[in-house]
Amino acid sequence: MDMTVTRTTGLPWPTPTADIDFPAQSWESHTAQIDARWGRSGLVLTVRGEVDAANADHLADYVRRCAAHCEWLVLDVSGLDFMGSSGFNALRRIQTAVAGVLRWALVTGPAVSRLLRICDPDADLPVRRTMTEALGYVQDITLLRASG
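Here the numbering used here runs 16 ahead of the position in the sequence shown, where the first position is 1.
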C-alpha cells in the first residue's frame, strides 16, 4: 500500500521539489508505527512497537524517503519494545543513505540500547540520550550560540 501525500505549499526548500511525492505523515506495519512531525527544515520520526525482519526494510525506505525532504532528522526509537538485528541493519542503511546529505540523530531506549551495545560497539551511529540533546545536535545549537 502506497501511503504518500503531496505537499505543494509552504515548503521550507526551493520550489522545484514541490511536485515530489511527500511520504505520509505516518507509516504502519503489523508490529510497528512511525509518526512524522515536520518542522521548517527538519523532521522528527517517532517509532513505536517492534522492528524485525518483517518490517525493517520498509522502515529504512520510509526514513530515506522522508530524509530527501529535510535538512535534519531525528529518529526516536526510544519507545520500541523490540529491535532485531535486521533493525540494526536498517539503521546502518539509513546512516549510509544520509551521510553527507543531512545531519541526523538517533534517540534510543532500553530495547535498542541493548542491541547497539552488541552490534555497534564503536558507537558509529549518532546516538543521543534525549530528544533535547538530539535536537540540539541536529540543529547545531552550540555553533549558533557561539556565533551569536
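Glycine is no exception: its CB is placed at the ideal position from the N, C-alpha and C atoms.
Remember, it's a predicted structure, so these values are computed and weren't measured experimentally.
query: Residues that DSSP places opposite LEU96 in a beta bridge; result: GLY65
query: Under 8 Å between C-beta atoms of VAL128 and VAL90; result: no
query: First and last residue of the uninterrupted beta strand (DSSP E) at ARG53; result: 48-54
query: Under 8 Å between C-beta atoms of ASP68 and GLY100; result: yes
query: Distance CB(CYS86)-CB(LEU118) smaller than 8 Å; result: yes
query: ALA121 in three-state terms, based on DSSP; result: strand
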